[in-house]
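Colleague: Take 4 as the starting number for the sequence shown in the working numbering and just add one per residue.
In this text, a Cβ means the ideal position worked out from N, Cα and C, and glycines have one as well.
Mind having a look at this structure? Questions to follow.
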Amino acid sequence: MRAVKAALLAEYGRPFQVDDVTPVTPSPDDVVVRMAASAYCYTDCLNQRGMRGLPRTLPTIVGHAAVGVVEHAGPEVTRVRAGDHVLVPGTPECGRCFWCRKGRPDQCEDLLAPARAVAHRADGTPVVTGIGTYAELITIRGSWAFPLHSSLPDETLSLLGCGVTTGLGAALNVGQVQPGDSVAVVGCGHLGLWMIQGARLAGAERIIAVEPLAWRLDLARALGATDAVSPAHGDPVEAVRALTGGRGADVTLEASGPPEGIEQAFAMTRRAGTAVITGVSSQASTVTLPQTEVAIRGKRILSCQMGQTVVGRDVPRYVEMLEDGRLDAAPIITGVFPLERINDANEAAAARNALTGVIVP
Ligand SMILES: [Zn+2]
Ligand SMILES: [Zn+2]
């Protein structure tokens, strides 16, 4: 195959290198997708610094939320074909594994399938990845590609690969926010602002945004938060309790990252309430929770890989809501970067002065 440009992570903690690579010959169950737009997720800042432990072979390509057009679909691929406009999201659905058959494609076997060589550098070095979208052309297993039907800009649609689906799924699928609920959202960045929109759509009466950065709190209010709490001005757990009759929130949605954020989310959830956790900081991080509280307070702590999204069920609904304005992506896309400027997108995300940057090859 012809050489294409890709953003290579060749050394942890060092800038991405945009270089020519030659894709491998696709397998019968592979799909080759020409990338149109790829949302830069905060997770990739952690990947770039080597904090997530995967993959271990460099150079690699990262990125996991994209849209593009299928150039080639192998003979074993059934869901998409050449010419299709497709979503490449953070989690695949093979439809055949234990988890997919259990109705839990968020845990699909292909998600943790061993990374493999998808291309080679000019000197023959293999480029190894599981899913990596920061390239002009990507080769992925068919389980990662889903047909997409919308004329919205690709920059907007790319957010369906992670931010929209994880954030809305946290509120709707995992937390199952009910009309009239009080919801606390811990961390109002790339993900938390979608959680706020999800809680609003679910009919939450009180949506408490917890976030240290003032401009993010302002945006949280504009997108549906009814109250704003800054940890810079006192204990956020006490503040959330004070706003919820001393009980704590019915549902807490965490999107802050560090273990302290998760510990706070648990503490600000009321007795018999639900805490939904999405934050990751490093592979070695551990969370400490008060044992008695965990044992007797009736709280549910739920993990949230891609919002337990079932793409065929959830994404068409989200597309409709983006199209009719019930969901607002515009303020969350804080930059559009050509592939050559991927390091600028990474720096903006790492410095937390951006929300979602979109990479367009
Ligand atoms: Zn992501
Ligand atoms: Zn599966």
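Go ahead and pull the three-state DSSP assignment for residue 296.
Modeller: Of the three classes helix, strand and coil, the one that applies to residue 296 here is helix, per DSSP.
Colleague: What residue ranges within the segment 8-62 form continuous alpha helix (DSSP H) runs of no fewer than 4 residues, ordered along the chain?
Modeller: For the segment 8-62, whole alpha helix (DSSP H) runs of length 4 or above, ordered along the chain, are 45-51.
Colleague: Closest to residue 137 by CA distance: which of 19, 232, 154 is it?
Modeller: Here the closest residue by C-alpha is 19.
Colleague: Under 8 Å by Cβ, that's how I've got residue 301 and residue 274 pegged, so tell me the actual separation to the nearest angstrom.
Modeller: At roughly 6 Å, the Cβ-Cβ gap stays under 8 Å, so residue 301 and residue 274 are in contact.
Colleague: Taking residue 71 as part of the beta strand (DSSP E), name the residues at either end of that continuous run.
Modeller: From DSSP, the beta strand (DSSP E) with residue 71 extends over 69-76.
Colleague: Quick check: is any heavy atom of ligand 2 less than 8 Å from the C-beta of residue 108?
Modeller: Yes - ligand 2 has a heavy atom lying nearer than 8 Å to the Cβ of residue 108.
Colleague: Are the beta-carbon atoms belonging to residue 208 and residue 184 less than 9 Å from one another?
Modeller: Yes, these two residues count as a Cβ contact at 9 Å.
Colleague: Less than 8 Å between C-beta atoms, sequence neighbours within five positions excluded: which residues of the same chain meet that for residue 377?
Modeller: There is no way to answer for residue 377, as the model of the chain reaches only from 4 to 364.
Colleague: Have a look at residue 325 and residue 170 and give me their C-alpha separation to the nearest angstrom.
Modeller: Spanning the two alpha carbons is a distance of roughly 14 Å.
Colleague: Please name the residue, chosen from 268, 175, 181, 248, that lies closest to residue 213 on a Cα-to-Cα basis.
Modeller: Per the Cα distances, 268.
Colleague: Using alpha carbons as the reference points, say which of 45, 30, 15 lies closest to residue 434.
Modeller: No answer is possible for residue 434: the residues shown for the chain start at 4 and end at 364.
Colleague: Could you check if residue 96 belongs to the surroundings of ligand 2, using beta carbon to heavy atom distance under 8 Å?
Modeller: Yes, since a heavy atom of ligand 2 falls inside the 8 Å radius drawn around the Cβ of residue 96.
Colleague: What residues are listed by DSSP as bridge partners for residue 116?
Modeller: DSSP output for residue 116 lists no bridge partner at all.
Colleague: So, is residue 291 buried or exposed, given that buried needs 16 or more other C-beta atoms within 10 angstroms?
Modeller: Residue 291 should be labelled exposed.
Colleague: Does residue 343 pass the burial test, meaning 16 or more other C-beta atoms within 10 Å, or should it be called exposed?
Modeller: With fewer than 16 Cβ atoms within 10 Å of its Cβ, residue 343 is classed as exposed.
Colleague: For residue 60, I'd like the list of residues in its chain whose CB is within less than 7 Å of its CB, leaving aside the five on either flank, ordered along the chain.
Modeller: 118, 131.
Colleague: What span of residues does the alpha helix (DSSP H) with residue 266 cover, start to end?
Modeller: Per DSSP, residue 266 belongs to the alpha helix (DSSP H) from 262-270.
Colleague: From the DSSP secondary-structure annotation, give me the bridge partner or partners of residue 257.
Modeller: Paired residue(s): 189, 280.
Colleague: With hydrogens ignored, establish whether the beta-carbon of residue 102 is closer than 8 Å to any heavy atom of ligand 2.
Modeller: For ligand 2, at least one heavy atom lies less than 8 Å from the Cβ of residue 102.
Colleague: For residue 240 and residue 115, I'd like the C-alpha separation in whole angstroms.
Modeller: About 35 Å.
Colleague: Sorry if obvious, but does the Cβ on residue 112 come closer than 8 Å to a heavy atom of ligand 2?
Modeller: Residue 112 Cβ: within cutoff of ligand 2.
Colleague: Is it the case that the segment 231-245 contacts the segment 133-153, given that we only count it when at least three CB pairs across the two stretches are under 8 Å?
Modeller: No, the segment 133-153 is not in contact with the segment 231-245.
Colleague: With residue 93 and residue 164 assumed to form a contact (beta carbons below 8 Å), what rounded beta-carbon distance in angstroms separates them?
Modeller: With a Cβ gap of about 6 Å, residue 93 and residue 164 count as contacting.
Colleague: How far does the alpha helix (DSSP H) with residue 209 in it extend, from its first residue to its last?
Modeller: Careful: residue 209 lies outside any alpha helix (DSSP H), inside the beta strand (DSSP E) at 209-213.
Colleague: Assuming residue 77 contacts residue 31 (C-beta within less than 8 Å), just tell me the rounded distance between them.
Modeller: Right, the Cβ-Cβ distance comes to about 4 Å (below 8 Å), so this counts as a contact.
Colleague: Going straight from the alpha carbon of residue 82 to that of residue 216, what length do you get?
Modeller: Those two C-alpha atoms are separated by around 42 Å.
Colleague: So, using beta-carbon positions, are residue 166 and residue 194 closer together than 9 Å?
Modeller: Result yes, Cβ atoms of residue 166 and residue 194 sit closer than 9 Å.
Colleague: CA-CA distance, residue 293 and residue 4?
Modeller: Distance between the alpha carbons of residue 293 and residue 4: 56 Å.
Colleague: By how many angstroms is the C-alpha of residue 286 removed from the C-alpha of residue 79?
Modeller: Going by the C-alpha atoms only, they are around 35 Å apart.
Colleague: Taking DSSP's pairing of strands, which residues face residue 140 in a bridge?
Modeller: In the DSSP output, where bridge partners are listed per residue, residue 140 has 37.
Colleague: What is the DSSP secondary structure of residue 304, reduced to helix, strand or coil?
Modeller: Correct three-state label for residue 304: strand.
Colleague: Return yes when the Cβ of residue 313 is within less than 9 Å of the Cβ of residue 256, no when it is not.
Modeller: Cβ distance not < 9 Å, so residue 256 and residue 313 don't count as in contact.
Colleague: DSSP state of residue 123, grouped into three classes?
Modeller: Residue state, collapsed to three classes: strand.
Colleague: Would residue 298 pass as a contact of residue 161 if the rule is Cβ separation under 9 Å?
Modeller: Contact: no.
Colleague: Assuming residue 50 contacts residue 65 (C-beta within less than 8 Å), just tell me the rounded distance between them.
Modeller: Going by Cβ atoms, the distance from residue 50 to residue 65 rounds to 5 Å, so yes, they are a contact pair.
Colleague: For the candidate residues 224, 248, 306, whose alpha-carbon lies nearest to that of residue 177?
Modeller: The option with the nearest alpha carbon to residue 177 is 306.
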